[in-house]
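Single-structure report; data block below.
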RNA sequence: GCCCCUGUAGCUCAGCCGGACAGAGCAGCUGCCUUCUAAGCAGUUGGUCGCAGGUUCGAAUCCUGCCGGGGGCGCCA
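Numbering (my numbering), first residue to last: 61 to 601.
In structure tokens form, the structure reads like this:
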């Protein structure tokens with residue numbers, strides 16, 4: 061949908077053209093000013109162009125305004141030149157009412173949907189926690205992020221396949237097996253093993269042979285079932301579960317090593333094989349085959365990514381790793397360049413560490429042992445919606461700390477209530493509408509221009525930004541922007557709810573009709589945003 | 001030593017592809033329930049945007065250097 065902003069940008073471009081200057085809309089900004097005194101929209105075009113033209117910004121702004129006065133954009137009511145040379149647009153509120161009509165007509169399916177993805181096939185790998193134990197809170201944090209990103213990308217026209225890479229082979233499975241057998245034999249688990257209580261529970265149920273690999277694989281499968289159950293609770297469902305063992309057994313890893321060797325990118329050191337990744341920007345060369353003849357993790361990972369790009373034909377691959385996997389980024393990208401895939405198609409997002417506070421105690425996620433908190437514990441405390449919203453509220457680039465005691469409280473420390481309450485109030489208004497038998501006329505027969513209360517206008521302005529926020533959040537891989545929009549929007553709705561009665565003897569019926577459509581539009585928007593984050597929209601609270 | 005992330009109000013965080021007096025929530029203080037849910041609303045206190053230079057008409061935002069925090073530099077995965 062072509063927005064009012066695009067329309068203004070085009071008009072400004074035309075105005076510059078009339079002054080003999082080629083000015084693509086991408087070269088200047090048309091934005092909604094932070095302060096409403098500065099108009100509905102404002103632009104810096106005069107300041108940007110002034111330098112090249114050798115003219116004073118305000119003088120140039122005068123000329124542009126002259127053109128726009130003769131050739132006004134739709135809804136234009138007044139122009140103003142302010143500050144160092146901003147041009148502020150004051151518009152007839154009709155533009156907001158017209159956009160409300162669009163929101164209502166588009167509905168949940170179409171509103172804030174975009175085609176910027178243009179059908180690009182994207183593979184999104186995330187979570188991929190090793191099946192050596194249950195998911196902990198950190199796993200769940202990034203899993204929610206990945207799932208929300210998948211929803212966002214789909215909303216924006218990408219064809220997304222989500223995937224969980226199951227590390228079901230190698231040394232850690234051996235260690236898991238050793239730990240399991242030790243427990244079954246009543247021994248303590250050694251330092252390097254898995255010491256969690258869940259291993260004790262598994263040991264009670266294991267009836268297989270005293271073979272570490274068999275025991276390890278059995279335990280891994282059990283753990284995987286537990287992981288899937290936790291993810292189900294979060295409403296996260298992967299399209300593909302990809303087994304690391306399967307790619308090794310298929311011979312694909314060997315093929316990749318051979319392929320690299322054929323390109324002269326492998327050197328051998330006795331039985332070891334080393335990939336010359338420094339030729340592709342890595343900080344050191346990397347082992348692919350160990351002294352004992354086993355493949356390294358990296359060798360399997362390269363084969364896995366080759367599989368994604370070449371065998372399955374994904375145009376883009378996005379991996380979401382924890383920041384502790386930073387070390388493998390350069391190696392994997394080097395391999396993609398070496399194999400001709402091109403590292404630009406591989407996007408690796410690193411989730412910074414998350415630490416939990418519980419009162420005075422600082423609890424840090426530790427993969428190996430001790431103080432990690434199972435995701436299920438948090439889910440039991442908070443429920444899936446609050447858990448998801450919490451983890452989706454901050455940037456992936458920032459190491460966050462969360463106080464579990466605080467978020468358990470039903471307060472703005474846990475904004476899910478604030479947002480869900482806004483939705484519940486919308487639903488409540490509609491229930492009352494039905495109880496009173498109010499039949500809403502078609503929108504074309506309703507006088508939406510009655511919506512001119514400051515609360516209503518503020519709500520309408522925020523409502524219409526969602527499509528831009530969705531696109532931005534998708535392109536920036538930043539679901540937290542949706543969470544922020546939800547908080548802001550919910551706040552504006554609560555203010556409206558408080559100051560503007562929709563259904564009341566004190567409100568004229570025409571205004572009730574208009575406000576009911578405003579509520580309907582708000583409900584569309586908030587439901588779209590909630591669904592993108594996977595947070596439940598409650599009818600009542 | 002090198003690489004990645006980060007330093008904004010007492011706390012948790014937005015803003016960071018340059019713009020108009022730096023934002024939100026929580027915490028603190030003060031008000032508001034006879035009408036659609038007070039899990040709400042309104043007001044108010046609180047900031048050298050880590051420090052120092054530089055670029056610019058304009059810097060929290062870009063560049064450089066310091067200082068602090070987190071993570072990584074395995075023939076682990």
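Using N, Cα and C, we set each Cβ at its ideal position, and we do this for glycine too.
Among the bridge pairs identified by DSSP, residue 182 is matched with 220, 376. Looking at the DSSP output, residue 90 bridges to 103.
Taking residue 467 as the centre and dropping the five residues before and after it, the same chain places the C-beta of 442, 446, 450, 473, 474 closer than 8 Å to its C-beta, in chain order. Note on geometry: alpha-carbon atoms of residue 235 and residue 89 lie some 57 Å from one another. Remark: fewer than three beta-carbon pairs, one from each stretch, lie closer than 8 Å, so the stretch 125-144 and the stretch 162-173 are not flagged as touching. When only Cα atoms are considered, residue 541 and residue 482 end up about 18 Å apart. Taking the Cα positions, residue 291 is about 16 Å away from residue 192. One thing to note: residue 444 has its Cβ no nearer than 8 Å to the Cβ of residue 194. About 5 Å separates the CB atoms of residue 152 and residue 137; that is less than 8 Å, so the two are in contact. Annotation: residue 76 to residue 122 spans about 12 Å, alpha carbon to alpha carbon. DSSP lists no bridge partner for residue 74. Going by C-alpha positions, residue 358 is about 14 Å away from residue 226.
The continuous stretches of beta strand (DSSP E) do not include residue 403, and DSSP gives it neither H nor E. Per DSSP, the beta bridge partners of residue 460 are 414. Between the C-alpha atoms of residue 588 and residue 249 there is a straight-line separation of about 49 Å.
Counting only the Cα atoms, residue 580 lies some 18 Å from residue 559.
Assignment of residue 600 by DSSP, reduced to helix, strand and coil, places it in the coil class.
In terms of CA proximity to residue 360, 313 leads the group 117, 585, 283, 313. One thing to note: residue 355 has its Cβ within 8 Å of the Cβ of residue 349. Residue 244 counts as buried, since no fewer than 16 other beta carbons sit within 10 angstroms of its beta carbon.
Here the C-alpha atom of residue 247 lies approximately 11 Å from the C-alpha atom of residue 255. In this structure, residue 345 lies away from residue 280, with their beta-carbon atoms at least 8 Å apart.
DSSP, read as helix, strand or coil, puts residue 360 in helix. Of the residues assessed, residue 571 falls on the buried side of the cut-off, its CB having 16 or more other CB atoms within 10 angstroms. Straight across, the Cα-Cα distance linking residue 382 with residue 302 is about 19 Å. The Cβ atoms of residue 374 and residue 215 do not sit closer than 8 Å to each other. When only Cα atoms are considered, residue 189 and residue 207 end up about 15 Å apart. Note on geometry: alpha-carbon atoms of residue 397 and residue 322 lie some 15 Å from one another. In the pairwise beta carbon analysis, the stretch 132-146 is classified as touching the stretch 66-74: at least three pairs are separated by under 8 Å. Scanning 288, 146, 367, 453 for the CA closest to the CA of residue 119 turns up 146. For residue 103, the closest alpha carbon among the candidates 298, 376, 96, 92 is that of 92.
For residue 386, the secondary structure class from DSSP, reduced to helix, strand or coil, is helix.
Exposed is the label assigned to residue 84, since fewer than 16 other Cβ atoms lie within 10 Å of its Cβ. As a beta-bridge residue in DSSP terms, residue 225 pairs with 302. Looking at the DSSP output, residue 149 sits in a beta bridge with 101, 139. Judged by DSSP in its simplified three-state form, residue 81 adopts coil rather than helix or strand.
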